[in-house]
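Participant: Per UniProt numbering, the sequence shown starts with residue 1, numbered consecutively.
Following this message is one structure expressed as structure tokens.
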Amino acid sequence: MKLYTYPGNYRVFKVLIAAEYNGVDIELPEFDFAKDIKSKEFKAKTPIGKVPILETEEGTLFESGAIARYVARLRPDTGLYGKTFFESGQVDAWIDFSAYELEVPLEVWVHPILGVGKFNAAALTKAKADVKKALQTLENHLHLRTYLVGEQVTLADIVVASALVYPFKFVLDKEFRKPYSAVNRWFSTLVNQPEFQAVVGDVPLIDVALTAEGDNSGKKAAKKDAPKKEKAAPKEEAPKPKKVEHPLAVLNREKPSSLNLDAWKVQYSNTKNLADAMTWFWEHLDTEGYSLWFCDYNYNSENTKMFMTCNAVGGFLQRSEAMRKYAFGVMDVCGAEGSEIIITGCWLFR
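Set out below in structure tokens:
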């Protein structure tokens with residue numbers, strides 16, 4: 001199957017993430033948006049003349065929501081579209097919620113920052129209010145739930161989280177996110193899953209929101225006719241604390257390794273055939289600078305719920321963030337509910 005789109009299109013995140021969960025191979029052919037979208041060949045593929053479109057053996061599909069649903073339904077056994085007809089209906093409900101209640105105001109907010117469309121102050125005010133309302137709906141629903149539908153990741157989670165990737169990176173800053181602790185927890189859990197990471201990479205959360213050209217909302221207006229105050233004597237500035245060096249930084253400085261860890265991570269994430277990626281790994285592995293370790297969870301007998309086990313692994317990976325530049329690991333959750341669920345992994349350490 002071939003998916004035609006332009007780079008960075010958030011609407012295809014959900015398609016590609018669903019494909020990762022279902023083990024579906026989707027090719028992304030080179031596509032010059034400005035040129036190819038006007039070609040006869042492209043127009044023959046879709047009645048609306050827009051991207052994304054998915055080319056299959058049976059024909060083409062258009063509209064990102066329809067494409068994501070199609071990919072999710074290709075593997076009923078994974079439960080991406082729910083385990084029952086009722087759960088499938090719940091998944092559809094959240095997909096519609098994302099399209100109408102969340103994505104519309106988020107685009108009004110984010111697009112001008114990305115240079116798509118012009119800034120409009122009144123529209124931004126309305127959009128922010130609508131986003132708060134939508135996030136509160138999610139907060140209320142997720143307060144006592146791990147996922148939107150059932151006890152596993154479904155297309156509902158994938159669609160809504162995909163719509164929030166750019167907002168969390170660019171506009172939903174620390175202050176704005178504060179009331180939505182359940183949403184923050186849910187979003188962080190999802191974007192740290194390998195299937196999400198393979199598509200969107202790391203999603204750093206913005207501390208101070210970016211603003212579009214012409215948006216002066218972040219600037220305080222000067223007070224008129226305010227009495228002038230005498231200048232106070234300048235205070236002595238306290239010395240800035242020295243940045244603490246990572247304990248392992250000395251290794252890179254005094255004994256550099258021939259293995260570029262970031263290059264390996266790119267190989268692992270972007271190579272479809274794992275065997276090809278591993279060939280690269282063994283050719284470049286520096287056994288003087290790195291060591292390989294297997295790990296097994298000590299309390300596998302206590303793992304009875306799959307979603308709780310996956311959450312435990314996600315939490316462990318989050319707490320390992322400080323090792324990101326000096327380690328690479330793969331964690332597996334094996335087994336099924338009703339029997340012992342095994343947590344195991346393999347790590348490469350500096």
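Even for Gly, the Cβ is constructed at its ideal location relative to N, Cα and C.
On a Cα-Cα basis, can you pick out the residue from Ile158, Leu61, Trp109 that is closest to Trp122?
Facilitator: Taking the first residue of the sequence shown as 1, we reach residue 122 at position 122. It is worth fixing the name first, because residue 122 is Ala in this sequence and not Trp. Answer by Cα proximity: Trp109.
Participant: Where does Asp36 sit, in a helix, a strand or coil, going by DSSP?
Facilitator: The count along the sequence shown starts at 1 and reaches residue 36 at position 36. DSSP places Asp36 in helix when its eight states are reduced to three.
Participant: Distance check for Ala275 and Leu285, CA to CA, integer angstroms please.
Facilitator: Working through the sequence shown from its first residue, we reach residue 285 at position 285. Working through the sequence shown from its first residue, we reach residue 275 at position 275. Cα to Cα, the separation comes out at about 15 Å.
Participant: Among all the DSSP beta bridges, which residues are the ones paired with Ala327?
Facilitator: Within the sequence shown, numbered from 1, the residue matching residue 327 stands at position 327. Bridge partners of Ala327: Phe349.
Participant: Taking 6 Å as the limit between beta carbons, can you name the residues of its chain near residue 354, skipping five residues before and five after?
Facilitator: Nothing can be reported for residue 354: it is not among the residues displayed for the chain, which extend from 1 to 350.
Participant: How about the stretch 150–166 and the stretch 96–108: do they share at least three Cβ pairs that are nearer than 8 Å?
Facilitator: Enough Cβ pairs lie closer than 8 Å, so yes.
Participant: Hey, would you say Phe31 sits closer than 9 Å to Lys50, going by beta carbons?
Facilitator: Residue mapping note: residue 31 aligns to position 31 of the sequence shown, counting from 1. Residue mapping note: residue 50 aligns to position 50 of the sequence shown, counting from 1. No, the Cβ-Cβ distance between Phe31 and Lys50 is not below 9 Å.
Participant: Anyone know if the C-beta pair for Phe349 and Leu292 falls short of 9 Å?
Facilitator: Mapped onto the sequence shown, residue 349 falls at position 349. Mapped onto the sequence shown, residue 292 falls at position 292. Against a cut-off of 9 Å, the Cβ pair of Leu292 and Phe349 comes out as a contact.
Participant: With three or more C-beta pairs closer than 8 Å as the rule, is the stretch 22–31 touching the stretch 2–9?
Facilitator: A contact exists between the stretch 2–9 and the stretch 22–31.
Participant: Pull up the distance between the alpha-carbon of Cys346 and that of Asp296, whole angstroms please.
Facilitator: The residue given as residue 346 occupies position 346 in the sequence shown. The residue given as residue 296 occupies position 296 in the sequence shown. C-alpha separation (whole angstroms): 9 Å.
Participant: Would you kindly check if the distance between the Cβ of Trp186 and the Cβ of Thr146 is under 9 Å?
Facilitator: In the sequence shown, counting from the first residue as 1, residue 146 sits at position 146. In the sequence shown, counting from the first residue as 1, residue 186 sits at position 186. In this structure, Trp186 lies closer than 9 Å to Thr146 by Cβ.
Participant: Cα-Cα, which of Glu337, Thr287, Phe196, Arg319 is closest to Lys305?
Facilitator: Here residue 305 refers to the residue found at position 305 when the sequence shown is read from its first residue. Of the candidates Glu337, Thr287, Phe196, Arg319, the one whose C-alpha sits nearest the C-alpha of Lys305 is Glu337.
Participant: Per DSSP, which one or two residues make a beta bridge with Cys334?
Facilitator: On the sequence shown, residue 334 is found 334 positions in, with the first residue counted as 1. Answer by DSSP bridge pairing, in chain order: Ile342.
Participant: Nearest CA to the CA of Thr60: which residue from Val12, Ala44, Arg177?
Facilitator: Here residue 60 refers to the residue found at position 60 of the sequence shown. Out of Val12, Ala44, Arg177, Ala44 has the C-alpha closest to the C-alpha of Thr60.
Participant: Taking DSSP as the reference, what is the three-state secondary structure of Ile26?
Facilitator: Position 26 of the sequence shown, counting from 1, holds the residue named residue 26. Three-state result, Ile26: coil.
Participant: Compare the C-alpha of Glu20 against each of Ala198, Ile206, Phe119, Glu139 and name the closest.
Facilitator: Taking the sequence shown and counting its residues from 1, one reaches residue 20 at position 20. It is Ala198.
Participant: Out of Glu195, Glu101, Leu124, point me to the one whose CA is closest to His111's CA.
Facilitator: Here the question's residue 111 lines up with position 111 in the sequence shown. That would be Leu124, whose Cα lies nearest to the Cα of His111.
Participant: Our contact map puts Tyr180 next to Leu248 with C-beta atoms below 8 Å; I'd like the distance itself, whole angstroms only.
Facilitator: Position 180 of the sequence shown, counted from the start, is the residue given in the question as residue 180. Position 248 of the sequence shown, counted from the start, is the residue given in the question as residue 248. With 8 Å as the limit, Tyr180 and Leu248 do not qualify as a contact, their Cβ atoms being about 35 Å apart.
Participant: Taking the C-alpha atoms as reference points, what is the distance between Asn192 and Val159?
Facilitator: To locate residue 192, count along the sequence shown from 1; it is residue 192. To locate residue 159, count along the sequence shown from 1; it is residue 159. Whole-angstrom Cα-Cα distance: 15 Å.
Participant: So the beta strand (DSSP E) Gly59 belongs to, where does it begin and stop?
Facilitator: In the sequence shown, counting from the first residue as 1, residue 59 sits at position 59. Per DSSP, Gly59 belongs to the beta strand (DSSP E) from 59–62.
Participant: What residue does the beta strand (DSSP E) around Asp296 start on, and which one ends it?
Facilitator: As a first step, residue 296 must be located in the sequence shown, where it is residue number 296. Start and end: 291–296.
Participant: Indicate the three-state DSSP secondary structure (helix, strand or coil) for Ala226 in the structure shown.
Facilitator: On the sequence shown, residue 226 is found 226 positions in, with the first residue counted as 1. For Ala226, the predicted structure reports a pLDDT of 43, less than 50, and the residue's modelled location is therefore unreliable. The matter cannot be settled from this model.
Participant: By Cβ distance below 8 Å, which residues in the same chain neighbour Ala66 in space, the five residues on each side in sequence not counted?
Facilitator: Start at 1 with the first residue of the sequence shown, and residue 66 comes out as number 66. The answer is none, since no qualifying residue turns up.
Participant: In this structure, what does DSSP give as the bridge partners for Leu54?
Facilitator: Position 54 of the sequence shown, counted from the start, is the residue given in the question as residue 54. According to DSSP, Leu54 bridges with Leu3, Leu61.
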